[in-house]
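Okay, structure first, notes after.
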Amino acid sequence: MPRATVGDTSLTRSYIPKVSQTPGISPSIAHFYKPIENRCIHEGRVVDQLYYTSDHIDRCFSNIRLNCLYEINEPIVPRFILDFYSQVTLQKDDFGVILISFMIQNEFITLSLQQFGQILRIPFTGQAVFTNEWDLGALAYSQDTEGPYHTDLPTPEEIHQFLQFQRTDSNRKIKNKNVILSSNQVLTKELRQDLKRWNELIYENVFGLGGHRDHLPACLAHILYCILAEQQYNLAYFFVKRIESARATPKAHLPYGMFLTRLFRHVIELYPHLDNGIYDVVERVMRPLALRQTRRPRSDRGKARHSVSSTSAHHNLGSSSHQGDDDEDDGASRASTPSPTTYLNSLKPLDYQPYEVPTSSEQNDDLLFERQTELLNQSQEIHKEVRGGFKSFGKALRGVFGKKKK
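Offset between the sequence shown (1-based) and the numbering used here: plus 710.
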């Protein structure tokens, strides 16, 4: 099966909008967007049914609600992704609950980790840890030591026991130097054959880092352990921690393109006035993550990757001409698919109490802003600029798109 991450992410440059070059935009806002719009977006992969029904993937992943990783099939909203990453910040409230705060045009939005997980339809409880390290020993040093996300993580020995690594050679050359691997540094080729497919699926829709695919990141080994041990895994925790890490890393890809489309729909549902014509949807020609029946010649492998067409049609999400396409992955039209509000009110992904979506007035409550004091103090000046500048900014954009339509 061809690896799509490295090649496909570079193609996203063909549709990422250059917001900083918008006529009339203020220098402050342009400076705000420029570091983000020059990166690539890791969209994620659509997974073919033949793939996830092989090697017990469907049964084992579904046991701990990780079937969300192969049931994702969304278009991309690149401008929303830029808006989100340009200001997203994590903080904790007095109870240690993670809050995800971001600004979309002139609306300041804060979600708890549980709300974020429910909107993206991913698990938000269970074992929680994040690290970019390779060594399994890094897990114990990376977890929360107290609070709602502290969990009893497996030891490296327990992970070894469940994954049954088969070390073939402890010697490895790194940067032209011979290195002896420790028992906690696992190579991908040391996985069982069936787990190699599990690893590829998780890598494509959770990590998508590109490069260094020859070794197993500690967090990926931990996810494989949770699947085999049937331990709930807090995917929302990993997502937001990786989002924070990617934003802080100047050249990192912006992850979770398809998943963030679900957040976009939620935001537009709560704040309809934000759907003002600046958000275009990119429909991609998807090459799904599928079983490779025969080994392709090296020169042909790149052709098997899904491609992003620079001439793809751009549609406004929610327009009548696009409703059927948006929910095609769910096997139903928008008319038969519940709205984000209805969906979230009825959702119990991990047998928890139903979540009530906060209304627009609740989002602007004094109580909400008290919890955001630290974040607001940090970004007060830029928020003033954004609040004052987005009105003229929006007019300029509508003028540009209006000319294109003519």
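For each residue, glycine too, the CB sits at the ideal point set by N, CA and C.
The beta carbon of N909 lies closer than 8 Å to those of T898, L901, L926, L930 and L934 in the same chain, with the five residues before and after it left out. Three or more Cβ pairs drawn from the stretch 936-943 and the stretch 828-841 lie within less than 8 Å of each other, which places the two stretches in contact. DSSP, read as helix, strand or coil, puts K906 in helix.
Straight-line measurement puts the Cα of I829 at about 7 Å from the Cα of H976. Ranked by Cα distance from F917, the first of G734, T722 and R952 is R952. Following the DSSP letters along the chain, one finds E747 inside the alpha helix (DSSP H) bounded by residues P737 to E747.
In this model, I890 and D904 are separated by some 27 Å (Cα to Cα). According to the DSSP assignment, E954 belongs to the alpha helix (DSSP H) that extends over L945 to A958. If you check the CB distance, V756 and P998 come in under 9 Å. Exclusion of the five residues before and after V807 leaves S822, L823 and P858 as the residues of its chain whose Cβ lies within less than 7 Å of its Cβ. Judged by DSSP in its simplified three-state form, I869 adopts helix. The shortest CA-to-CA distance from F875 to any of S893, F790 and T865 is the one to S893. Our two residues, A962 and D765, have alpha carbons roughly 32 Å apart in a direct line. Where Q759 is concerned, the enclosing alpha helix (DSSP H) starts and stops at Q759 to Y762. Under the DSSP assignment, T799 falls in the beta strand (DSSP E) whose first and last residues are T799 to K802. Distance between E940 and D862, taken at the CA atoms: about 14 Å. The residue from N986, V950 and A1000 with its alpha-carbon nearest to that of T799 is V950.
In the three-state reduction of the DSSP assignment, K899 falls in the helix class.
DSSP assignment within the stretch 765-815 yields the following whole alpha helix (DSSP H) runs of 4 residues or more, N-terminal first: 767-773 and 788-797. A check of alpha carbon separations from N816 across E993, P864 and I978 identifies I978 as the nearest. In this structure, DSSP gives V992 an extended state, which the three-state scheme calls strand. Here the C-alpha atom of K728 lies approximately 20 Å from the C-alpha atom of T959.
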